[in-house]
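When the letters of the sequence shown are read in order and numbered with numbering that gives the first Met the number 0, they come out as residues 0 to 319.
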Amino acid sequence: MKVFINKRIPEAGIRLLKDANLEIFIPEQENLSYEEWLNYCRSNDAILSVGGEFKFDKDFFNECPNIKAIALFSVGFDRVDIQEADARKIPVGNTPDVLSKAASDVAFLLMQSVARRASYNFEKVKSGNWGDFDPLHALGQELYGKTLGIFGLGRIGYEMAKKSRTAFGMQIIYHNRHHNEEAEKNLGAKYVSFDELIEQSDVLSIHANFKAEQKELFNASVFDRMKKNAIFINTARGGFHHQKDLYAALSEHKIWGAGLDVTNPEPIFKDDPILELSNVCVLPHIGSATEEARNGMAKVAAENIIAFSKGEKMPACVNP
Ligand code: DGY
0 MKVFINKRIP EAGIRLLKDA NLEIFIPEQE NLSYEEWLNY CRSNDAILSV
50 GGEFKFDKDF FNECPNIKAI ALFSVGFDRV DIQEADARKI PVGNTPDVLS
100 KAASDVAFLL MQSVARRASY NFEKVKSGNW GDFDPLHALG QELYGKTLGI
150 FGLGRIGYEM AKKSRTAFGM QIIYHNRHHN EEAEKNLGAK YVSFDELIEQ
200 SDVLSIHANF KAEQKELFNA SVFDRMKKNA IFINTARGGF HHQKDLYAAL
250 SEHKIWGAGL DVTNPEPIFK DDPILELSNV CVLPHIGSAT EEARNGMAKV
300 AAENIIAFSK GEKMPACVNP
């Protein structure tokens, strides 16, 4: 079986694929155009897909009828039309669990950075403006005992809730498709409606899998109803929030601040006015960017491909 890998991945995954005697192809050039990417997909049986630029939609499946399996190098699978893959009996694998700690660490980091105004203070230092001790200036807010609202309490949301509960004794509320009994039992998490979530959260953190119908769910009508001291955290997918509405809410101080590891669009434009705001911290989608998580992702993605090559179900399969 021939496997196309569109970007270099950690050696741990490559070794597994080679040990399984699979023929792998990684192009020298990393930034492929859509046409180049399609051509490589056409001449291979499976793709281990790294990065989010191209979609596996109906057009893709029509263009690449030979592709028999897709192993994503990500936990999110929003760029795959799963129904279409199902209809063609193409299994789609992802990489859950191995990045939950790393990804939730970034949400936790952003929550604290925004609460303690890290970006603003770092900019001051960089511009040679350390300043005298001032009892009234650059004050942050403490998170102890505050309410953390989680939208989408799966594996990553659980880790974020656990850290926040342990470190700051935060009260956890959540909105999800299903009740999360483990979080209710272990963390005292309380299931609330979407309206309650946005109105009661001091920190609102998104950890759901993105679906097209949730596009820009977090927009002016939501920001208007959030608390004035609220911190908005998005480390899931940029499509969840309406960037201009978020900018307006932040610049008009309708909410306290925002921490983003994902933006809309992504990458963010260099001149996006949100970058000028002092109550925002933006990172370039680094949720899973640790040695540990990326090695784990490489192994899981390779194991998905290997299982498929043996006619077995992928161990981490998105389709039922
Ligand atoms: C994921 O795994 O989904 C991360 O967001 C990287 O794409």
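Where a beta carbon is used, it is the ideal one built from N, C-alpha and C, also for glycine.
Values in this document were obtained by computation on a predicted structure and should not be read as measured data.
Worksheet entry | One or two residues paired with E22 in a DSSP bridge | Walking along the sequence shown from the start, residue 22 turns up at place 23. K1.
Worksheet entry | Separation of K125 from G75, as counted between CA atoms | Numbered from its first residue, the sequence shown carries residue 75 at position 76. Numbered from its first residue, the sequence shown carries residue 125 at position 126. So the two alpha carbons sit approximately 36 Å from each other.
Worksheet item: So, helix, strand or coil for T234, using DSSP?
Response: By 1-based counting over the sequence shown, the position of residue 234 is 235. Coil, per DSSP.
Worksheet entry | Beta-carbon proximity of S200 to L147, cut-off 8 Å | Counted from its first residue, the sequence shown places residue 200 at position 201. Counted from its first residue, the sequence shown places residue 147 at position 148. Yes, they are a contact pair.
Item to complete: Return yes when the C-beta of V74 is under 7 Å from any heavy atom of the ligand DGY, and no when it is not.
Response: Position 75 of the sequence shown, counted from the first residue, corresponds to residue 74. Checking the Cβ of V74 against the ligand DGY gives yes.
Practice prompt. Give a single yes or no on whether G168 has its beta carbon closer than 7 Å to a heavy atom of the ligand DGY.
Written response: Indexing the sequence shown from 1 puts residue 168 at position 169. The answer is no for G168.
Worksheet item: Out of N278, M225, G310 and E311, which has the shortest C-alpha to C-alpha gap to N120?
Response: Translated into the one-based positions of the sequence shown, residue 120 becomes position 121. When only C-alpha atoms are compared, the closest one is N278.
Worksheet item: What's the C-alpha gap between S112 and L282?
Response: Numbered from its first residue, the sequence shown carries residue 112 at position 113. Numbered from its first residue, the sequence shown carries residue 282 at position 283. Near 11 Å, if we compare the C-alpha coordinates of L282 and S112.
Discussion item. To the nearest angstrom, how far is the alpha carbon of D244 from that of A166?
Written reply: Taking the first residue of the sequence shown as position 1, residue 244 is located at position 245. Taking the first residue of the sequence shown as position 1, residue 166 is located at position 167. Approximately 31 Å, taken between the alpha carbons.
Worksheet item: Helix, strand or coil: how does DSSP classify L186 here?
Response: As a first step, residue 186 must be located in the sequence shown, where it is residue number 187. DSSP places L186 in helix when its eight states are reduced to three.
Worksheet item: Is any heavy atom of the ligand DGY found at a distance shorter than 7 Å from the C-beta of S192?
Response: Translated into the one-based positions of the sequence shown, residue 192 becomes position 193. No.
Worksheet entry | For V221, the nearest candidate out of N61, N30, Q242 and A207 (CA to CA) | Taking the first residue of the sequence shown as position 1, residue 221 is located at position 222. The shortest Cα separation from V221 among N61, N30, Q242 and A207 belongs to Q242.
Worksheet item: How big is the Cα-Cα spacing for N318 and K123?
Response: As a position in the sequence shown, residue 318 is number 319, starting the count at 1. As a position in the sequence shown, residue 123 is number 124, starting the count at 1. So the two alpha carbons sit approximately 49 Å from each other.
Worksheet item: Between G187 and the ligand DGY, is the CB less than 7 Å from at least one heavy atom?
Response: Residue numbering aside, residue 187 sits at position 188 when the sequence shown is read from its first letter. False, no ligand heavy atom lies under 7 Å from that Cβ.
Item to complete: Just mark S204 as buried or exposed, buried being the case when its beta carbon has 16 or more other beta carbons within 10 Å.
Response: Residue numbering aside, residue 204 sits at position 205 when the sequence shown is read from its first letter. S204 comes out buried.
Worksheet item: Any heavy atom of the ligand DGY closer than 7 Å to the CB of L98?
Response: As a working mapping, residue 98 is identified with position 99 in the sequence shown. Yes; taking the cut-off as 7 Å, the Cβ of L98 has a heavy atom of the ligand DGY nearer than that.
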